[in-house]
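Comments concern the structure below.
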Amino acid sequence: MSSAQCLRRFAAGSRPASSLLRQTPKSSRSALRCLTTLSRSSQSSQILRTQLQSQKPIAYSQSRLFSLTSRRDEEQIVKVPEMAESITEGTLKQFSKQPGDYVEQDEEIATIETDKIDVAVNAPAAGTIKEFLAKEEDTVEVGQDLVKLELGGEPGQKAEKGKEQPKEPASESQETSSQPEGGKEQEPPKQESKPEPPKQESKPEPPKQESKPEPPKQKEQPKKEESTKTESPYGSREERRVKMNRMRLRIAERLKQSQNTAASLTTFNEVDMSGIMGLRKRYKDEVLKNTGVKLGFMSAFTKAAVLAMKDVPTVNASIEGPNGGDTIVYRDYVDVSVAVATEKGLVTPVVRNCESMEMVGIEKGIAELGKKARDNKLTIEDMAGGTFTISNGGVFGSLMGTPIINLPQTAVLGLHAIKDKPVAIDGKVEIRPMMYLALTYDHRILDGREAVTFLVKIKEYIEDPAKMLLT
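Written out as structure tokens, the structure reads:
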């Protein structure tokens, strides 16, 4: 017996699908699938019976289509993705979707907060979120089950079902509302409902009695509370405690580790910014027009530091080995970590191979990484490595400071605010834009003479930018 014959017998009589199922041979697989579907739900069988009675011709494609609607789609478990070799766990910060939501392939489902960056968990395929297998703020490990995803389906499938359900009770209410027009049986309940409120309304006396004790006098009690508040001469003394996120905890740990490990020492110098400011003013519009890059000061200091490392290569070196290190590693490349302040903390994305880049290329790389950091889109690769760090506290108004070394690096250069100051030039006092420079270095491998020489070299390149083109 085919599926079409099965459906005709089902529509012709009042016999349930389960009865027809017992009389159907096992060889009729299509009919078995159809009857099995109908026997599971009385509501769906009644709907189909009505539709079949109104349509005489029944095609096999219709019966096959009906049988396929009850097929359950394949499920897939979304796991915590691999983040980096040094990161094995994180905190499940939030879910971007809710159970029942449809997601496209590669659409973000959740966010995991790690020690360095936030990692997005994307859907491996299109489907509907069926269940969350972890809770927000849970510590999750790489490879752990996170979300149960039901593959397939359509984006508007759930929304359409949600719309159909409210329509059914609405139609029932219309039918019930149409019945009272022709019959009088439902009129008595309406009249019965009317006498009930008057019985309740016939008790207006209690409110009159309540008005006698004059409740406004009882409202004077909150005034005493207000008076107690005004009695305190110090105002509010409340406290608020917020748990540190993983990034802040990691930053605190690394900074303390740096202080405990490196023999930190800071040397200062002062640089006249007139030369580099004049160069920027002269060429910034042309550079912006030709390359789309806004020329700043970070690229100039990065280029100056790279050139100064040719004279003092130890600044770009690091210590490796057991018991605090017994080997110095010298590098022929310069990967500069640029400190960027974000809402969650300080991050240091890396501009790689600065020794082979010009100022415009360095500025472009810094701008791109800064935007990614502010948009919370940095990757592990953007943060990995780094041989030297530059931190610009001057953008926040810092006049002077002592930056902390970013281990395992050897030194960090701190830039500060530009201030107009009186300076002696050829025996005359002139007002010049001046900036304090601070170099914190690891005295274990970098001597004071080398550190001072390095900082003086940077000063010379910034005060006379033409030297950077000739070196």
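For the sequence shown, counting from 1, position 263 maps to 263 in full-length UniProt numbering; every step adds exactly one. Backbone N, C-alpha and C fix where the C-beta goes; we use that ideal spot for every residue, glycine too. All values derive from a computational prediction rather than experimental measurement.
Item: What's the call for residue 429, buried or exposed, on a 16-neighbour Cβ count within 10 Å?; Value: exposed
Item: Quick one, are the C-beta atoms of residue 97 and residue 129 less than 8 Å apart?; Value: yes
Item: Identify the continuous beta strand (DSSP E) that holds residue 434 and give its terminal residues.; Value: 428–442
Item: Secondary structure at residue 316, three-state DSSP: helix, strand or coil?; Value: helix
Item: Does residue 347 come out as helix, strand or coil in the three-state DSSP assignment?; Value: strand
Item: Quick one, are the C-beta atoms of residue 152 and residue 127 less than 8 Å apart?; Value: yes
Item: State the start and end residues of the unbroken beta strand (DSSP E) segment that holds residue 454.; Value: Where residue 454 is concerned, there is no enclosing beta strand (DSSP E), although the alpha helix (DSSP H) it sits in stretches over 448–463.
Item: Tell me whether the stretch 399–411 and the stretch 311–326 touch, counting them as touching only if at least three CB pairs, one residue from each stretch, are closer than 8 Å.; Value: yes
Item: Can you tell me whether residue 457 is buried or exposed? The criterion is at least 16 other CB atoms within 10 Å of its CB, across all chains shown.; Value: buried
Item: In the DSSP assignment, find the alpha helix (DSSP H) that holds residue 473 and state where it starts and stops.; Value: There is simply no residue 473 to check, as the chain begins at 1 and stops at 471 in what is shown.
Item: Since residue 125 contacts residue 267 with CB under 8 Å, what's their CB separation in whole angstroms?; Value: That belief does not hold up - the Cβ atoms of residue 125 and residue 267 are roughly 57 Å apart, past 8 Å.
Item: Helix, strand or coil, according to DSSP, for residue 138 in the structure here?; Value: coil
Item: Counting only the same chain and skipping the five closest in sequence on each side, list residues whose C-beta sits under 7 Å from that of residue 138.; Value: 92
Item: Does residue 300 pass the burial test, meaning 16 or more other C-beta atoms within 10 Å, or should it be called exposed?; Value: buried
Item: If I follow the unbroken alpha helix (DSSP H) through residue 302, where does it start and stop?; Value: 298–308
Item: Could you check what DSSP says for residue 102 in three-state terms: helix, strand or coil?; Value: strand
Item: Might you give, ordered along the chain, the residues of its own chain that have their beta carbon closer than 8 Å to the beta carbon of residue 469, omitting 5 neighbours on each side?; Value: none
Item: Residue 293 by DSSP, collapsed to three states: which one?; Value: coil
Item: State the start and end residues of the unbroken beta strand (DSSP E) segment that holds residue 147.; Value: 145–151
Item: Which whole-angstrom value describes the C-beta separation of residue 360 and residue 287, a residue pair presumed to lie in contact below a C-beta threshold of 8 Å?; Value: 6 Å
Item: If I'm right that residue 120 touches residue 149 with Cβ under 8 Å, what's the distance once you round it to whole angstroms?; Value: Not a contact, Cβ separation roughly 16 Å.
Item: In its own chain, which residues sit with a C-beta less than 6 Å from the C-beta of residue 171, not counting the 5 before and 5 after it?; Value: Its pLDDT being 44, under 50, residue 171 is placed unreliably in this model, and the value from its coordinates should be taken loosely. Nothing meets the Cβ criterion.
Item: Let me know if residue 291 comes out buried or exposed under the rule of 16 or more other beta-carbons within 10 Å of its beta-carbon.; Value: exposed
Item: Which of the three DSSP states is assigned to residue 122 in this structure?; Value: strand
Item: Got a sec? Which residues, its chain only, sit under 7 Å from residue 494 by beta carbon, not counting five neighbours each side?; Value: Here the chain covers residues 1 to 471 and nothing more, so residue 494 does not appear.
Item: What does DSSP give as the partner residues of residue 245 in its beta bridges?; Value: Paired residue(s): none; residue 245 is not in a bridge.
Item: With the cut-off set at 8 Å, would you say residue 386 and residue 401 are in Cβ contact?; Value: no
Item: Within 8 Å, do at least three Cβ pairs link the stretch 328–341 to the stretch 353–367?; Value: yes
Item: Check this for me: beta carbons of residue 338 and residue 307, under 8 Å apart or not?; Value: no
Item: Hey, residue 103 and residue 141: beta-carbon distance below 8 Å or not?; Value: no
Item: Mind checking whether residue 445 and residue 328 have CB atoms under 8 Å apart?; Value: yes
Item: For residue 309 versus residue 392, is the C-beta spacing smaller than 8 Å?; Value: no
Item: Using only alpha-carbon positions, find the residue among 372, 467 and 343 that is nearest to residue 490.; Value: Since the first residue shown for the chain is 1 and the last is 471, residue 490 is missing from the structure and cannot be characterised.
Item: By Cβ distance below 6 Å, which residues in the same chain neighbour residue 462 in space, the five residues on each side in sequence not counted?; Value: 271, 276 and 304
Item: On the DSSP bridge assignment, give the partners of residue 132 in chain order.; Value: 147
Item: Which one of 440, 248, 117 and 294 has the shortest CA to CA distance from residue 87?; Value: 117
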